[in-house]
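Number of protein chains: 2
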Amino acid sequence: MAGNGLCKPREIVMRYLIYLSILIFTVSCSNASSTSEAIKPSKEEKYNWRLVTSWPKNYPGLGMAPERIADLVEEMSDGQMTITVYGAEEQVPAFGVFDAVSSGSHQMGHSGGYFWKGKVPAAQFFTSVPFGLTADEINAWVNRGGGLELWREIYAPFNIYPIPAGNTGTQMFGWFNKEINSLEDIKGLKMRIPGIGGEVLKEAGGIPVTLPGGELFTALQTGVIDATEWVGPYNDLTFGFHQAAKYYYYPGWHEPGPMLELLINIDAWNSLPNHLQVIIETATKAVNQDMLDEYLAKNNQALTELIEVHGVELRKLPDDVIEEFRKISNKILDDLAKEDEVISKVYDSYLKFKNNVSAYHQISEDAFVESRNK
Amino acid sequence: MAGNGLCKPREIVMRYLIYLSILIFTVSCSNASSTSEAIKPSKEEKYNWRLVTSWPKNYPGLGMAPERIADLVEEMSDGQMTITVYGAEEQVPAFGVFDAVSSGSHQMGHSGGYFWKGKVPAAQFFTSVPFGLTADEINAWVNRGGGLELWREIYAPFNIYPIPAGNTGTQMFGWFNKEINSLEDIKGLKMRIPGIGGEVLKEAGGIPVTLPGGELFTALQTGVIDATEWVGPYNDLTFGFHQAAKYYYYPGWHEPGPMLELLINIDAWNSLPNHLQVIIETATKAVNQDMLDEYLAKNNQALTELIEVHGVELRKLPDDVIEEFRKISNKILDDLAKEDEVISKVYDSYLKFKNNVSAYHQISEDAFVESRNK
């Protein structure tokens, strides 16, 4: 999975100019900003905040999470706080969310940490890394295993306070017009796959491509790419990938349980009275689970439709290909951790938790599921 | 897992007399009850509610969930609503929670639905049944697959509104002083195991026993029972079972992902203004995830300590024993569903969701975990 809206160079310049104009306009015209009350939070004052996202407005799953957070906050605060949610490109580009919240032009954002790997490489561990933590495991690491403290520490220099805000569950490897029967079939494969997953593909001889979600269907249909990953059946069905590709491969080794994030400008956060802070944290925690519930309930139905109605061929990646990907992934992550002390500290905490929790899962949920399926 | 506090017959009579006295006293003396405002909820009125539980006060995991719900509600409502949490036996017996909330003597309760199987047999599906749904799967069924609507429908005649309120994750099969090498070893085995799990053991030739948690250690040590299940490493370590039994068996086929419940008296619920209702629902949803995070993070550490420090022998149940348990479980559940229309409707919804979600999990999270562990 990756955000909609990756751009070509000329578009990027254009969009950033628009974004800059909006930013200047917003800062100069802002009179509803609550940062002016930073010194003395009021229990009665009304707060009208703006939230920018990396997703199309009301996009199923990903895009609905911030809408639900906004609804819950307004209801729980009995109208004291409202949050207006903007889709990608409405006020800032899909990948301008981090900067918008950091600068304070917008109090809130909803996105995925691995989009900021250029600025904060360690942020990737709080979304998903290849062969990493599943949804339950990353929840446990972040909320109860020391992860959240590290996450807040690494975002603090950017004046951002992060809260875990949704998970898609294990994704699919994606849509292919070429069969993958061995490592040889990876050589020269042009696939849309961002982040560390893309680096792994490259190391195995493939050609990773970055394209926005909205361009994937045409690129796949015209043969510009041989394959693409996106999210999973529920989201993939709406994009109609089954009309442009033949094989649907699993497992999603590259994104086992990506956690989304709510970003809050720290000055804006400090301006809130305590009860509104707890309302935001709790609403977001509830939505973190709700998104996973939604994907899990809907992925079922969508996969059945893809196979039974649209004749999609479901394929498993060959074992030797997965094994090679795993070896390369581990090397890339080990090398990344050597880059600086911060990444090393986060990776160390992540890896220790992963080793423990995966050992425990083997004798609890995994062993149970095996016994149920026999 | 089962609640602390199962009683011998004479004790039950005594406890119910005490409970009845408290009930009469409470109803006659109640002046803080909010049910009197049922007609016109006030936005300003203070609400001071009482919550009874089936767990010892502040018991790790299970007992901390209602405490956290109470804290969140007080903070989010900025003190408008407070909830006082009582441990089992403080105001009503562990298994008197459902009746206390139903009668309105207490506005809220925290417990597990399978304790009420005598009154509401279908309630068991909303906690856990053998070879049933895991934690993520039951969340998805209840919140996004039609389960919650059914649950509320079957509790409504008892004047109770349920909200999902925590999950322990897959439990362990438990502590044994006899090795289980074949089905023969189940014959005559005296094991503390409640609910449908106990019925399965009986059908396989074992002798299921019901005892409160606090009596398990002594019963195991003195040979009154040969084995006991409880929860998992985090809770089991605190009870010291490793000092009374030799083998620790998995997987927990009988409780793959038990969901706990917050029970609310419907008249009390209707007396609340909307923002407090949303605050309670959202706090409980956040705690539902928090409990699973806690168990997942702590079970790791506890299991390692049990094995490395206390020399516990971790054992897997033989395949043929699991297979026999699965066959018996399916038959018992099928027979149960034939008892009446309500159970049949719930079981039908549960089974359809289980078949779909387990098929999907096989090609997503399960396939991923397999590829990670190789």
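Order-wise, the sequence lines are chains A and B. So for the first sequence, the working numbering puts the first residue at 1; every next one is plus one. So for the second sequence, the working numbering puts the first residue at 1001; every next one is plus one. From the three backbone atoms N, C-alpha and C, an ideal C-beta is built for every residue, glycine too. The structure presented is a predicted model; accordingly, all values stated were derived computationally and were not measured.
Under 8 Å, Cβ to Cβ, is there at least one residue of chain A near residue i?
{"i": "G1245 of chain B", "result": "Residue 1245 of chain B is actually Ala in this sequence, not Gly. Chain A, which has no Cβ nearer than 8 Å to the Cβ of A1245 of chain B, makes this no."}
{"i": "Q1285 of chain B", "result": "Correcting the residue type first, residue 1285 of chain B is Lys in the shown sequence and not Gln. Closer than 8 Å to some Cβ of chain A, the Cβ of K1285 of chain B qualifies, so yes."}
{"i": "G1145 of chain B", "result": "yes"}
{"i": "D1348 of chain B", "result": "no"}
{"i": "A1367 of chain B", "result": "yes"}
{"i": "K1187 of chain B", "result": "no"}
{"i": "V1357 of chain B", "result": "yes"}
{"i": "Y1155 of chain B", "result": "no"}
{"i": "E1075 of chain B", "result": "yes"}
{"i": "V1231 of chain B", "result": "no"}
{"i": "A1032 of chain B", "result": "Low confidence applies to A1032 of chain B: its pLDDT is 38, below 50, so where it sits in the model is not reliable enough to give any reading."}
{"i": "P1194 of chain B", "result": "no"}
{"i": "S1028 of chain B", "result": "Any reading at S1028 of chain B must be qualified, since the residue scores a pLDDT of 35, below 50, and its modelled position is unreliable; the value itself is stated next. No, its Cβ sits nowhere closer than 8 Å to a Cβ of chain A."}
{"i": "S1364 of chain B", "result": "yes"}
{"i": "N1265 of chain B", "result": "no"}
{"i": "T1238 of chain B", "result": "no"}
{"i": "T1282 of chain B", "result": "yes"}
{"i": "P1318 of chain B", "result": "no"}
{"i": "R978 of chain B", "result": "Coverage of chain B is limited to positions 1001 through 1374, which leaves residue 978 of chain B absent and any answer about it impossible."}
Flag this pair as yes or no: are the beta carbons of residue i and residue j separated by less than 8 Å?
{"i": "M1076 of chain B", "j": "T284 of chain A", "result": "no"}
{"i": "L262 of chain A", "j": "M108 of chain A", "result": "yes"}
{"i": "S956 of chain B", "j": "E1323 of chain B", "result": "No answer is possible for residue 956 of chain B: it lies beyond the span of chain B, which begins at 1001 and ends at 1374."}
{"i": "F176 of chain A", "j": "G252 of chain A", "result": "no"}
{"i": "D1366 of chain B", "j": "V92 of chain A", "result": "no"}
{"i": "G257 of chain A", "j": "L133 of chain A", "result": "yes"}
{"i": "L1336 of chain B", "j": "P1194 of chain B", "result": "no"}
{"i": "A1100 of chain B", "j": "V1052 of chain B", "result": "yes"}
{"i": "V1346 of chain B", "j": "F1125 of chain B", "result": "yes"}
{"i": "D1234 of chain B", "j": "N1143 of chain B", "result": "Contrary to the premise, residue 1234 of chain B reads as Tyr rather than Asp in this sequence. For Y1234 of chain B and N1143 of chain B, no; Cβs fall outside 8 Å."}
{"i": "N48 of chain A", "j": "S1358 of chain B", "result": "no"}
{"i": "I280 of chain A", "j": "N159 of chain A", "result": "no"}
{"i": "V309 of chain A", "j": "A65 of chain A", "result": "no"}
{"i": "T168 of chain A", "j": "V97 of chain A", "result": "no"}
{"i": "Y248 of chain A", "j": "R315 of chain A", "result": "yes"}
{"i": "K352 of chain A", "j": "D1078 of chain B", "result": "no"}
Chain B beta carbons: is any one of them nearer than 8 Å to that of residue i?
{"i": "W288 of chain A", "result": "For the record, residue 288 of chain A in the displayed sequence is Asn; it is not Trp. Yes - at least one Cβ of chain B is within 8 Å of the one on N288 of chain A."}
{"i": "P251 of chain A", "result": "yes"}
{"i": "M91 of chain A", "result": "Checking the sequence shown, residue 91 of chain A turns out to be Gln, not Met. It does not; no Cβ of chain B falls within 8 Å."}
{"i": "V278 of chain A", "result": "yes"}
{"i": "M1 of chain A", "result": "Low per-residue confidence applies at M1 of chain A: pLDDT is 45, beneath 50, and the placement is therefore not dependable enough to give any value."}
{"i": "N391 of chain A", "result": "Residue coverage of chain A in this structure runs from 1 to 374, which leaves residue 391 of chain A outside it and unanswerable."}
{"i": "T168 of chain A", "result": "no"}
{"i": "A70 of chain A", "result": "no"}
{"i": "I307 of chain A", "result": "no"}
{"i": "Y59 of chain A", "result": "no"}
{"i": "S456 of chain A", "result": "Shown here, chain A extends from 1 to 374; a query on residue 456 of chain A therefore has no answer."}
{"i": "N300 of chain A", "result": "yes"}
{"i": "P208 of chain A", "result": "no"}
{"i": "Y360 of chain A", "result": "yes"}
{"i": "H275 of chain A", "result": "yes"}
{"i": "N270 of chain A", "result": "no"}
DSSP on residue i, reduced to helix/strand/coil?
{"i": "Y59 of chain A", "result": "coil"}
{"i": "H242 of chain A", "result": "helix"}
{"i": "T53 of chain A", "result": "strand"}
{"i": "L1272 of chain B", "result": "coil"}
{"i": "E370 of chain A", "result": "helix"}
{"i": "E261 of chain A", "result": "strand"}
{"i": "V1287 of chain B", "result": "helix"}
Under 7 Å from any heavy atom of the ligand FAD, does the C-beta of residue i make it?
{"i": "P256 of chain A", "result": "This structure simply doesn't include the ligand FAD, nor any ligand for that matter."}
- [ ] Kindly confirm or deny that the segment 163-180 of chain A and the segment 79-86 of chain A touch, where touching means at least three C-beta pairs closer than 8 Å.
- [x] no
Open item on the list: As an exercise, report each continuous alpha helix (DSSP H) stretch of at least 4 residues that is fully enclosed by the segment 1290-1366 of chain B, in chain order.
Closed with: 1319-1337, 1341-1363
Task: Stretch-stretch touch, CB-based, cutoff 8 Å, three pairs: the segment 272-279 of chain A with the segment 338-347 of chain A - done: no
Task: Continuous alpha helix (DSSP H) assignments of at least 4 residues falling wholly in the segment 179-228 of chain A - done: 195-203, 213-221
Task: Stretch pair the segment 1179-1190 of chain B + the segment 1316-1335 of chain B: three plus CB contacts closer than 8 Å - done: yes
Open item on the list: Going residue by residue through the segment 133-186 of chain A, where are the continuous beta strand (DSSP E) segments of at least 3 residues, counting only ones entirely within it?
Closed with: 160-167, 174-176
Open item on the list: Check whether the segment 1299-1310 of chain B and the segment 1100-1118 of chain B touch, using three or more Cβ-Cβ pairs below 8 Å as the test.
Closed with: no
TODO: At 4 residues or longer, and completely inside the segment 62-125 of chain A: list those alpha helix (DSSP H) runs for me, N to C.
DONE: 64-76, 97-103
Open item on the list: Measuring CB atoms only, is the segment 1199-1218 of chain B touching the segment 1227-1244 of chain B, in the sense that at least three cross pairs come out at less than 8 Å?
Closed with: yes
- [ ] Count the C-beta pairs between the segment 195-215 of chain A and the segment 224-233 of chain A that are closer than 8 Å, then say yes if the count reaches three, no if not.
- [x] yes
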